[in-house]
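Q:
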Amino acid sequence: MFEVPGLGDLNVAATLPVTLLAFGACLFLLVDLFIPKDRKYITAWLTAAGIGVSLVLSLLMLTGVITWGDGEEAFFGLFIADQFSQAVNVAALLTALLGVMVAYNYLDKIDRQRGEYYYLLLFTTLGVMFMGASGDLVTLFVSLELLSIPLYILSGFRWPHEESEESAMKYFILGAFASGFLVYGIALIYGATGTTSLTGIWEATADISSGETSTKFLLLIGAGMTLVGLGFKVAAVPFHMWTPDVYQGAPTSVVAYMSVAAKVGGFAALVRVFGAGISNFALDGDTTAAWQDTIWLIAAFTMILGNFVAIAQSELKRLFGYSSIAHAGYMLIAIAAAGSAGVTDEAARAVAIYLMAYAFTNVGVFAVIIALEKKDMSGTSIDNVKGLATSQPLLAAAMTLFMFSLTGIPLTAGFVGKWFVFKSAMSADLIPVAVIGVLTSLVSAFYYLRIVWYMYFEEGETETDLPRPLAWAITISAVGTLVLGVVPYLLSEMANEITLAFGG
Amino acid sequence: MATVVFMLPLVGMVLMLILARSDQQYRWWTLTTSIVTFAVSLLLVRGFDKTSAGLQMVDQFDWISGEGFSIQYYVGIDGISIWLVMLTTFIMPLAILSSFKAIQKRVKLYYMFMLLMEWAMLGVFVAQDLFLFYVFWEVTLVPMYFLIGIWGAEQRIYAAVKFFLYTMAGSLLMLLAILWLGNEAGTFAVPEILEQLKTGDLVFSTATGRWLFLAFGIAFAIKVPMWPLHSWLPDAHVQAPTAGSVILAGVLLKMGTYGFVRFNLPLFPAASETFAPYIAALAVIGIIYGAWVSYGQKDMKKLVAYSSISHLGFVMLGIFALNSSGIEGAVLQMVNHGISTGGLFLVVGVLYERRHTKLMAAFGGIWQAMPLYSGVALVIVLSSMGLPGLNGFVGEFTILLGAAGSDAISWWFTPLAALGVILAAVYMLYMFNTVFMGELDKEENKRLPDLDWRELYALVPILIMVLVIGLQAGYFFEFMDAKVGDLVRDISLAVAAGR
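Structure, rendered in structure tokens:
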């Protein structure tokens, strides 16, 4: 019979930032029962503290100050604790921390101050972190569900408000559908390779590439299905339909969080599956992966559609919904680049850098929208930012910084992200998609600049509501956006250590 | 050393934001910062070694690096960039002084952007690493966007957005070219890339060289602006506040021509040779077109704006003559144009502040009302049209000399360009005639006050430089000789070797 593994073999120490938070989340779930309704700030504080501890641990592990555990594999290869996982952890935890900060007063404002919000947020964050660390397709699927289900609930958190309910319903049905695709994809990949372990898949694909046609097709369809499932999560065209509606209907604090977190998780999974697992899956002796063309085409369409449709939006939440679609396109460029032999690590680094930059910037954007939003969910039209520069100079300055960062103007984090993404495309000789990328950046400049001009060049009266935690969240986002832009060294040093645990 | 000069405006800006409290303090603080920057930049001229063709006063350290690439903080100046740095530090105090009265709303923000602008422009001229260069190149857009958009005239928003998008469109393709080049070379530092090209460690095909030339070239051509990519310029110049126009015409446009000299010629010599006739043709079209359209304007600011297209055509012609006198003349003409056209915008600004109109028809006989002002205006107008003895003449003459003796472009371009000199006289004198000469027949013009001390302080330095460069141009050429000689030799060697 088989031996029962001891606790020591699991290498728990390497997974500590994640496992600690998992215990914390379960604990808070119970503790919250005993916290009276009018004192939910205790739950918020506890959650923030839990995230903080985990964030500090992740940062220490990312910078190499502490190296716990024995190697990069934990739980027998189901969990990979390499540099990429740490980077994903930091991005996810940072988003979660900012997510709690922007949520607390907002929930009061919309009369939904409930403890569930905070631990659901923790569980999603855990899902993101597990996704980045998954070394096995099964882990990947379970963590995807852990990421998604709390998000469905959070989107509907404003019930019985119709829009919020619609948003949750739409997200749930389409999301469940996408999960189905993913499971089927995983099954087919298993069928082709005989294993669900990513290392195993990587080893098997080399043989498949030079083997029988039928197995190739099996793997190809499996990869395609997986792409559909993950593409839905990151809102890539043509699986983006849900994004604007969900963003508009869901409570803004949820959108602030999920617009980043879902992308962090989705892209981490894409890097793991495509960048590492089947990176060497080539057809007919090509030097590039079989899925590369598909992904860069999707990237091109995503950038084009996201940016062009965003121009026509006048509702800020919708506008940034489309903008987030567009940014998924930029990151997909790097994923496509990972399909060229020798570029995989560079591409994974680019994704990590972009995600970090995007986390600061995009949460900041939605935090500003929260400050503009009124109790009845109105106030988030683009006209509401008119004259913001005179009534709230610092808020307008922060928003300007975020807009320039999303456009990709230097001295902001967004530029550093784009620089590395386009650089990986150049390394992989994907020049056409890089050209589309820069041209659509130009298109995006138009609608981002329009917000700046409404704030600075037009006159208007705007009321804002800026409680302290929200102000702090905006400050942190703005400082992060600026510092990472002025000192790109921080990002590049973090990324330089990233090598996918296998593949390459 | 170069770092000190270009960081001063930023330091001044931060201190201003922290320390200054009232509008008056913002103004004086900014002015002081820009004057100090100018004074310190004079040290660059003093410490400059004219015999050296290489970079001087270099500051360099590793900034960002990773597997297979390195980005450095690498700044320095050489015989070409020194005069553009000087031009920037010279123009800025004048631009700032000229806005003391004109800018009355959101004063703090205005001066913040002015100093940010100076910082970014100086950064462009001293950066020797492609990443660093691109950073500053793009950052210059941001303060100018706000300067036009907040303090501009009626159509300011349209002009600001057009300016931003138009220039960004060009630079994005340059970004890709930079990335490609840096990936191949493993470094983004220009001197190191050039070294690799010379030793043959970095080779690219003729076709690739041409693509890269175009990717860089379009970004620069939009900035210059070369015909037919000029349509952002009249809008931006006309709508910008006076100081904004001065900076745009005085310095910002030079970033384009400077880019050609700094990057296109040395990095892609073979492609430069190939494209030289086409660019020269566009330059000549620009010279004549700009002059022609200038003549048709009713608005003084528009007239000056279109004249820039014409003048910058000369600069482009000089650069793509690909010989010493062409390039040296072009670099000097960049400085000349900055001074004269900057001066012209200041002159127009003086009238605009008094009458709030820039239409020539609203004036006439101004000489009788404002004699001192009109005298100053006359010298600047003459300098702009290239009267011998003043600065414009030296530059244009050297350029034409270079173009006539060039192997790269046909001699045909020279007489056509010379036609532009005549046309310049036509539109400039037409403007002078309508505005300053004739009868003082408009009632509201009769009581216009002449220049006050502040305006005089902004204009007199320009007069001085007009004369100094006009009479002592040799001093300025001396600084460039070594560098330009080296550049021209490298180009011909490279072309001979077929790269």
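Top line first, the protein sequences correspond to chains A and B. Take our numbering: the final residue in the first sequence is number 538, and no numbers are missing along the way. Take our numbering: the final residue in the second sequence is number 508, and no numbers are missing along the way. For glycine and all other residues, C-beta sits at the position ideal for the given N, C-alpha and C. Computed from a predicted model, the values in this text were never measured in an experiment.
Leaving aside the five residues before and after A482 (chain B) along the sequence, list all residues of the same chain whose C-beta is less than 7 angstroms from its C-beta, in chain order.
A: If we look at A482 (chain B) and ignore the five residues flanking it on each side, its Cβ neighbours are L341, V403.
Q: What's the gap between the Cα of I416 (chain A) and the Cα of L174 (chain B)?
A: Roughly 20 angstroms between the two C-alpha positions.
Q: Tell me which residues share the same chain as R165 (chain B) and place their Cβ nearer than 6 angstroms to its Cβ, disregarding the 5 neighbours each side in the sequence.
A: Taken in chain order, the residues that qualify are I157, G158, Q248.
Q: Which same chain residues, not among the five before or five after P501 (chain A), have their C-beta less than 6 angstroms away from its C-beta?
A: Cβ within range, chain order: N139.
Q: Across which residues does DSSP place E349 (chain A) in a beta bridge pair?
A: Paired residue(s): A:S415.
Q: Kindly list the residues whose CB is nearer than 6 angstroms to the CB of F140 (chain B), restricted to its own chain and excluding five residues on each side of it in sequence; keep chain order.
A: Counting only Cβ-Cβ distances below 6 angstroms, and skipping sequence neighbours, we find I80, F197.
Q: Using C-beta distances below 6 angstroms, list every residue in its chain close to F215 (chain A), excluding the 5 sequence neighbours before and after it, in chain order.
A: These residues qualify, in order along the chain: M259, V262, G263.
Q: For the stretch 337-357 of chain B, which residues have a beta carbon sitting closer than 7 angstroms to at least one beta carbon of chain A?
A: So the list is empty, because no residue satisfies the distance condition.
Q: Whole angstroms are fine: how far does the CA of F329 (chain B) sit from the CA of I408 (chain B)?
A: Rounded to whole angstroms, I408 (chain B) to F329 (chain B) spans 10 angstroms at the Cα level.
Q: In the structure shown, what three-state DSSP assignment does A391 (chain A) receive?
A: A391 (chain A): helix per DSSP, three-state reduction.
Q: Name, in chain order, the residues that DSSP records as bridge partners for E453 (chain B).
A: Partner(s): none; E453 (chain B) has no beta bridge.
Q: Kindly say whether M25 (chain B), judged by its beta-carbon, lies nearer than 8 angstroms to any beta-carbon of chain A.
A: It does not; no Cβ of chain A falls within 8 angstroms.
Q: Note down, in chain order, every chain B residue with its Cβ under 7 angstroms from the Cβ of V385 (chain A).
A: Per Cβ cutoff of 7 angstroms: no residues; V385 (chain A) is ~14 angstroms from chain B at best.
Q: Can you tell me the Cα-Cα spacing of I367 (chain A) and V467 (chain A), whole angstroms?
A: Near 7 angstroms, if we compare the C-alpha coordinates of V467 (chain A) and I367 (chain A).
Q: Using 8 angstroms as the limit for Cβ to Cβ distance, is K457 (chain A) near chain B?
A: Yes, K457 (chain A) lies at the interface with chain B (some Cβ there is under 8 angstroms from its Cβ).
Q: With 8 angstroms as the threshold, decide whether the Cβ of N454 (chain B) is near any Cβ in chain A.
A: No, its Cβ sits nowhere closer than 8 angstroms to a Cβ of chain A.
Q: Can you give the Cα-Cα distance for L262 (chain B) and G105 (chain A), rounded to whole angstroms?
A: Cα to Cα, L262 (chain B) sits roughly 56 angstroms from G105 (chain A).
Q: Can you look up F78 (chain B) in the DSSP assignment and give me helix, strand or coil?
A: F78 (chain B): strand per DSSP, three-state reduction.
Q: Whose C-beta lies closer than 6 angstroms to the C-beta of F454 (chain A) among residues of the same chain, with five residues either side of it excluded?
A: Closer than 6 angstroms at the Cβ level, and outside the excluded window around F454 (chain A), lie A384, I387.
Q: Straight-line CA distance for G253 (chain B) to G358 (chain B)?
A: Spanning the two alpha carbons is a distance of roughly 11 angstroms.
Q: For a test of the three-state rule: what should DSSP assign to G256 (chain A), helix, strand or coil?
A: Three-state DSSP puts G256 (chain A) in a helix.
Q: For S357 (chain A), collect the residues of the same chain with a Cβ closer than 6 angstroms to its Cβ; drop the 5 residues on either side in sequence, then sort them by chain order.
A: If we look at S357 (chain A) and ignore the five residues flanking it on each side, its Cβ neighbours are A344.
Q: Kindly list, in the order they appear in chain B, the residues whose Cβ is closer than 8 angstroms to that of W487 (chain A).
A: The answer, in chain order, is G158, I166, A169, V170.
Q: Taking the Cβ atom as the reference point for each residue, do A491 (chain B) and K207 (chain B) lie within a distance shorter than 8 angstroms?
A: Not a contact, by the Cβ cut-off of 8 angstroms.
Q: Compare the C-beta of M264 (chain B) with all C-beta atoms of chain A and state if any pair is closer than 8 angstroms.
A: No - not a single Cβ of chain A is within 8 angstroms of the one on M264 (chain B).
Q: Counting only runs that start and end within the stretch 95-165 of chain B, where is the alpha helix (DSSP H) found for 4 or more residues in a row?
A: Qualifying alpha helix (DSSP H) stretches, in chain order: 116-135, 139-148, 150-160.
Q: By the 10 Å Cβ neighbour count, where 16 or more other Cβ atoms means buried, how is P51 (chain A) classified, buried or exposed?
A: With 16 or more other Cβ atoms within 10 Å, it is buried.
Q: By Cβ distance below 6 angstroms, which residues in the same chain neighbour A375 (chain A) in space, the five residues on each side in sequence not counted?
A: Once the five neighbours on either side are set aside, the close Cβ partners of A375 (chain A) are T321.
Q: By how many angstroms is the C-alpha of S501 (chain B) removed from the C-alpha of D379 (chain A)?
A: Going by the C-alpha atoms only, they are around 41 angstroms apart.
Q: Using only CA atoms, which one of A:D318, A:G234, A:E492, A:L440 lies nearest to F155 (chain B)?
A: Looking at the Cα atoms, A:E492 is the closest of the given residues.
Q: Return the Cβ separation of L406 (chain A) and G413 (chain A) in integer angstroms, given the expectation that the two are a contact with Cβ distance under 8 angstroms.
A: Yes, they are in contact, since the Cβ atoms of L406 (chain A) and G413 (chain A) sit about 5 angstroms apart, within 8 angstroms.
Q: Are at least three pairs of beta-carbons, each pair with one atom in the stretch 102-117 of chain B and one in the stretch 231-243 of chain B, less than 8 angstroms apart?
A: Too few Cβ pairs lie closer than 8 angstroms, so no.
Q: From this set, B:P286, B:N400, B:A503, which residue's C-alpha is nearest T423 (chain B)'s C-alpha?
A: It is B:P286.
Q: Quick one: is I443 (chain A) near chain B, going by C-beta distance under 8 angstroms?
A: Chain B contact via Cβ: present.
Q: Among B:G75, B:G132, B:S317, B:L312, which has the Cα closest to the Cα of L445 (chain A)?
A: Comparing Cα positions, the closest option is B:G132.
Q: Could you compute how far the alpha carbon of T277 (chain A) sits from the alpha carbon of A125 (chain A)?
A: Looking at the two C-alpha atoms, the distance is approximately 21 angstroms.
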